Amino acid sequence: MEKRGVSIFVFTIMFTLIAGAIILMFFFNFGSDILDFGDKVTTLQNILVLDKNLASFALSPNSEKTIEFSEDISIDVDCSNQEIFLREGDEEKETKKLIFTPFQLNGRSVQAWTLAWNYPFKIDNLYFLADSNTKFTLDSSSQIGIYFTSKFPRRFTQVTTATNEVKVYFQPTSSPPIAPNIKVVQFIELEGANPGVQFKRGNNWYPTIPVPIWGDAMVFAAIFSADYDQFNCITQGLAKQRIDSLIKIYSNTITSLLSCSEGTNNYNEISVQLRSLSQGDISAARDIKDANDALKLTDCPPLFKGIETERLLQ
Amino acid sequence: MNKKAQVQFMEMIFVLLILVVIIFMGFIFYYSFLYKGLEEKGERFTEIDAIILTDSVASMAELTHDTGVINSIKIFSLVEHIDDDYYKDFFGDDKKVILEVVYPKPEGDVDCTSIDPNRHFDTNYHFNTNYRNNKCKSFTIYDAKSGIREQEIRQNPVSVYYPLTDEYKIGILRIGVYKNE
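So the sequence lines, in the order shown, correspond to chains A and B. Letter 72 of the first sequence, counting from 1, is numbered 72 in my numbering, and no numbers are missing. Heads up, my numbering is the position in the second sequence plus 1000, with the first residue counted as 1.
Structure (C-alpha cells):
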C-alpha cells in the first residue's frame, strides 16, 4: 500500500508540473500573440493613416499639411516592378498614388504636399513627402530657379535640424557636393524645348541623356524622388499608366461630344493629338491645350476644364 | 487498493478533469477574443479603406470635371475601360461604387452604366436613349460583384456636371462592400 501511495504522489507531482508548464506556455503564447497582433495593427494603422490623409487632400490641386501619427514611424515609400508600396517593417500596402520621397520617413510627423499634374489635362495628383530630418536646398541664382523656388513650400526648405539634404540645381553645375546623406538633382534646359533632369550617382550625373520632364509638377517629382531608379520606376510605371488611361478616357469622351457640330474640327484635332501624346510626342500637349481652349470660345463643351501652367508645355 | 486510495484516485481524476475543462475553456475564450478582435479591426480597416476610396473617387481625373465635381459623360468612358487592371486594383475586389443623382430629379430611374453579369454594356444605347433624355437616375461606376451580401458603408454628396447642357446637379456617391456571410 505504501508503494502505491508513493507512485500516486509522484504521478500527481509530474502531472502538476506538466499541466503547469502547459498553462504557462498558453499564457506566454497568448501574451506574445497579443503583442505581435498589436504591433501589426499599429503598423497597418500608420500606413492607413498616411494613405487616408493623402487621399483626403487630393481634392485640392495644390495643398500642404503636416500628418501626425500616434507613435514614431519608419515608413518607406518604395517603387519596385513599377508598383508603389508603403512599407513599415514586415507590413506593406500597395498604393495607386504617385508618391515621391527622397529618404525613409521617420518620426512622429510627416510634411506632405500635393500638386495636380496637368499635361495638359489633369492626369493625377502627385504627393510629396519628407520628414523633419530632411531639408531641401534650391539654387535660386537663375530666373527659372527663382520661379520654382517661389512655388516650393517653405516647410521643406526651412528645416533647422536636418540630417539629410536634397540639393537642387536648375541649371547644370560643375561642382555639386558629395556626401552620403546628400542627394543632388540637376535640371537641363528647363526653359528650352527638351527639359530634362539628371541625378548625381557617385561622381557622375545619371543618366547621361536627361530624363524628359512632362510639366511643372514633374520638376517637383524629380526633386522629391532625388534618385534616378525611384523616379524612373514611378514615371515609367504608374505615371505612364495614368497618362495612357486618361488618353483612353478622353478619346472615348470625344465620341460623345462630336454631336456638337461647331466643335467638330477641334474635337478631331484633339483626337489626333491624343494619339500622338500616347506615342510619347510631348509637343502634342500644347496642341491639345490650344484646341481645347478654342472650344471654350464656341457653344460646344471643352474636353477638360483644367488650367495648365504655360511653362514646360512646349 | 483500499477504499481511501480509491477515493484519492477518484479525487485526482476529478481534479484532472476540471483542469482539462478549464484549459479547454481558456483556449475557446482565447481564440474567440482573438477572432472578435480581428473582426473588429478588419471592419475598422474596411471603413478606412472606404473613406480613402470615397475621397479618391471624388478626385479621380477619369471622373472629375473640376475639383470635387463629377463629369457625367466621363462616367460612360470610364465604364468602357473598367475591366483594366489599374481600375480593379484602384477600386478593390470587394467594392461597389454608385453615383445617384438626387436633385433636380431625373425624368427616369435608369441606371445608365449598370453592367449585366455577362459584362454586356451598350454605351451608345444608354447614352443616346437615356442620358440625352435625362432618364439616368444612377450610374454604376464600379461593381466587383464578389460576394453574396452588399453593405453600404459610406456616402458622400457630390456635384455632377452635364457638359451637353452645361448644368450642375447634386448627387450622392455611395460606396458599398461585398461580404460573404
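Note that CB positions come from ideal geometry on N, CA and C, so glycine has one too. The structure displayed is predicted, hence computed values, not measured ones.
> Candidates D290(A), L295(A), C300(A): which alpha carbon is nearest P120(A)'s?
Replying inline: For the purposes of this step, residue 120(A) is identified with residue 120 of the first sequence, where counting begins at 1. Selected option, being the one with the closest Cα: D290(A).
> Whose C-alpha, out of D1166(B), I1175(B), K1179(B), V1177(B), is nearest the C-alpha of V1069(B)?
Replying inline: Residue 1069(B) sits at position 69 when you count from the first residue of the second sequence. Comparing Cα positions, the closest option is D1166(B).
> Can you list, in chain order, the residues of its chain whose CB lies under 7 Å from that of T298(A), leaving out five sequence neighbours each side?
Replying inline: Counted from its first residue, the first sequence places residue 298(A) at position 298. So the qualifying residues of the chain are E262, G263.
>> Under 7 Å, CB to CB, which of the residues in the stretch 116 to 142 of chain A have a partner in chain B?
In response: K122, I123, D124, N125
> Got a sec: is the Cβ-Cβ distance from L98(A) to anything in chain B below 8 Å?
Replying inline: The residue given as residue 98(A) occupies position 98 in the first sequence. With 8 Å as the cut-off, L98(A) does not count as an interface residue toward chain B.
> For D1093(B), which of G1171(B), E1043(B), K1145(B) has the nearest alpha-carbon?
Replying inline: Along the second sequence, one-based indexing puts residue 1093(B) at 93. Cα-wise, what sits closest to D1093(B) is K1145(B).
> Based on the DSSP secondary-structure assignment, which residues constitute the bridge partners of Y1162(B)?
Replying inline: Within the second sequence, residue 1162(B) is the residue found at index 162, counting from 1. Bridge partners of Y1162(B): E1167(B).
>> Between which residues of its own chain and E1150(B) is the CB-CB distance below 8 Å, once the five residues before and five after are set aside?
In response: As a position in the second sequence, residue 1150(B) is number 150, starting the count at 1. Once the five neighbours on either side are set aside, the close Cβ partners of E1150(B) are K1096, G1176, V1177, Y1178, K1179.
> Using a beta-carbon distance below 8 Å, is L246(A) in contact with chain B?
Replying inline: Residue mapping note: residue 246(A) aligns to position 246 of the first sequence, counting from 1. L246(A) counts as touching chain B.
>> Strictly under 8 Å for the Cβ-Cβ distance: is L48(A) near chain B by that measure?
In response: Position 48 of the first sequence, counting from 1, holds the residue named residue 48(A). Closer than 8 Å: yes.
>> Between I1175(B) and the ligand GTP, is there a pair consisting of the residue's CB and a ligand heavy atom that are separated by less than 7 Å?
In response: Ligands in the displayed structure: none, and consequently the ligand GTP is not present.
>> Can you give me the C-alpha to C-alpha distance between Q45(A) and I188(A), rounded to a whole angstrom?
In response: Residue numbering aside, residue 45(A) sits at position 45 when the first sequence is read from its first letter. Residue numbering aside, residue 188(A) sits at position 188 when the first sequence is read from its first letter. One C-alpha to the other measures close to 41 Å.
> What first and last residue would you give for the alpha helix (DSSP H) that runs through A217(A)?
Replying inline: Position 217 of the first sequence, counted from the start, is the residue given in the question as residue 217(A). Here the alpha helix (DSSP H) through A217(A) covers 216 to 225.
> Does the beta carbon of M1(A) sit closer than 8 Å to a beta carbon anywhere in chain B?
Replying inline: Residue numbering aside, residue 1(A) sits at position 1 when the first sequence is read from its first letter. Only weak support exists for where M1(A) lies, its pLDDT of 47 falling under 50; the coordinates are left without a value.
> Excluding the five sequence neighbours on either side, which residues of its own chain have a C-beta within less than 7 Å of the C-beta of E2(A), listed in chain order?
Replying inline: Looking up residue 2(A) in the first sequence gives position 2. Only weak support exists for where E2(A) lies, its pLDDT of 49 falling under 50; the value from the coordinates is given anyway. Excluding sequence neighbours, E2(A) sits near nothing in its chain.
> What are the start and end residues of each continuous beta strand (DSSP E) run of 3 or more residues lying completely inside the stretch 178 to 203 of chain A, in chain order?
Replying inline: 182 to 188, 196 to 201
> Exposed or buried, what is S283(A) when buried is set at 16 or more other beta-carbons lying within 10 Å of its beta-carbon?
Replying inline: Looking up residue 283(A) in the first sequence gives position 283. The residue is exposed, with fewer than 16 neighbouring Cβ atoms inside 10 Å.
>> Could you compute how far the alpha carbon of G237(A) sits from the alpha carbon of N81(A)?
In response: Counting from 1 along the first sequence, the entry for residue 237(A) is found at position 237. Counting from 1 along the first sequence, the entry for residue 81(A) is found at position 81. Roughly 8 Å separates the two Cα atoms.
>> Among the candidates N1128(B), H1126(B), I1073(B), T1113(B), whose CA atom is the shortest distance from the CA of P302(A)?
In response: To locate residue 302(A), count along the first sequence from 1; it is residue 302. Comparing Cα positions, the closest option is I1073(B).
>> Looking at chain B, is there any beta carbon in it that lies within less than 8 Å of the beta carbon of A284(A)?
In response: Against the first sequence, residue 284(A) aligns to sequence position 284. Cβ-Cβ to chain B under 8 Å: no for A284(A).
> At which residues does the beta strand (DSSP E) containing V961(B) begin and terminate?
Replying inline: As displayed, chain B neither begins before 1001 nor continues past 1181, which places residue 961(B) out of reach and without an answer.
> With 16 as the cutoff for other CB atoms within 10 Å, does A193(A) come out buried or exposed?
Replying inline: Residue 193(A) sits at position 193 when you count from the first residue of the first sequence. Looking at its Cβ environment, which holds fewer than 16 other Cβ atoms inside 10 Å, A193(A) is exposed.
> Taking Cβ-Cβ distances shorter than 7 Å, what residues in chain B pair up with T317(A)?
Replying inline: Look at the range of chain A in this structure, 1 to 314, and you will see that residue 317(A) is not part of it.
>> Please list, in chain order, the residues of the stretch 53 to 71 of chain A that have any C-beta partner in chain B closer than 8 Å.
In response: A55, S56, A58, L59, S60, P61
> In chain B, what lies closer than 9 Å to F26(A) by C-beta?
Replying inline: The residue labelled residue 26(A) in the question sits at position 26 within the first sequence. Result: I1023, G1026, F1027, Y1030.
>> Our contact map puts E64(A) next to W117(A) with C-beta atoms below 8 Å; I'd like the distance itself, whole angstroms only.
In response: Within the first sequence, the letter at position 64 stands for residue 64(A). Within the first sequence, the letter at position 117 stands for residue 117(A). Contact flag wrong, Cβ pair sits at about 16 Å.
> With a CB to CB cut of under 7 Å and the five nearest residues on each side skipped, what residues in its chain are close to F103(A)?
Replying inline: For the purposes of this step, residue 103(A) is taken as residue 103 along the first sequence, with counting starting at 1. The residues are T134, N164.
> How would you label Q1006(B), buried or exposed, when you count the other beta carbons within 10 angstroms and need 16 or more for buried?
Replying inline: Counted from its first residue, the second sequence places residue 1006(B) at position 6. Classification for Q1006(B): exposed.
>> Count Cβ pairs between the stretch 1155 to 1173 of chain B and the stretch 1078 to 1090 of chain B that sit closer than 8 Å; are there 3 or more?
In response: no
>> Just to confirm my understanding: we take V1102(B), look at its own chain, exclude 5 residues before and 5 after, and list those with CB closer than 7 Å. What are they?
In response: To locate residue 1102(B), count along the second sequence from 1; it is residue 102. For V1102(B), where only same-chain residues beyond five positions count, the Cβ hits under 7 Å are I1170, G1171, I1172.
>> So, does the stretch 122 to 138 of chain A touch the stretch 87 to 104 of chain A, judging by three or more C-beta pairs under 8 Å?
In response: yes
>> Classify N1002(B): buried if its beta carbon has 16 or more other beta carbons within 10 angstroms, exposed otherwise.
In response: Taking the first residue of the second sequence as 1, we reach residue 1002(B) at position 2. Exposed, by the Cβ-count rule.
> When you compare only the Cα positions, how much space is there between D216(A) and K52(A)?
Replying inline: For the purposes of this step, residue 216(A) is identified with residue 216 of the first sequence, where counting begins at 1. For the purposes of this step, residue 52(A) is identified with residue 52 of the first sequence, where counting begins at 1. Distance between the alpha carbons of D216(A) and K52(A) is about 26 Å.
> In terms of residue numbering, what span does the alpha helix (DSSP H) encompassing C300(A) cover?
Replying inline: Taking the first residue of the first sequence as 1, we reach residue 300(A) at position 300. Note, C300(A): premise wrong, no alpha helix (DSSP H); not H, not E.
> Rounded to the nearest angstrom, how far is the Cβ of C260(A) from that of C300(A), given a contact under 8 Å?
Replying inline: Locating residue 260(A) in the first sequence gives position 260, counting from the first residue. Locating residue 300(A) in the first sequence gives position 300, counting from the first residue. 4 Å between Cβ atoms; contact.
>> Can you list, in chain order, the residues of its chain with a C-beta nearer than 7 Å to that of K40(A)? Leave out the 5 residues immediately preceding and following it.
In response: On the first sequence, residue 40(A) is found 40 positions in, with the first residue counted as 1. So the qualifying residues of the chain are E91.
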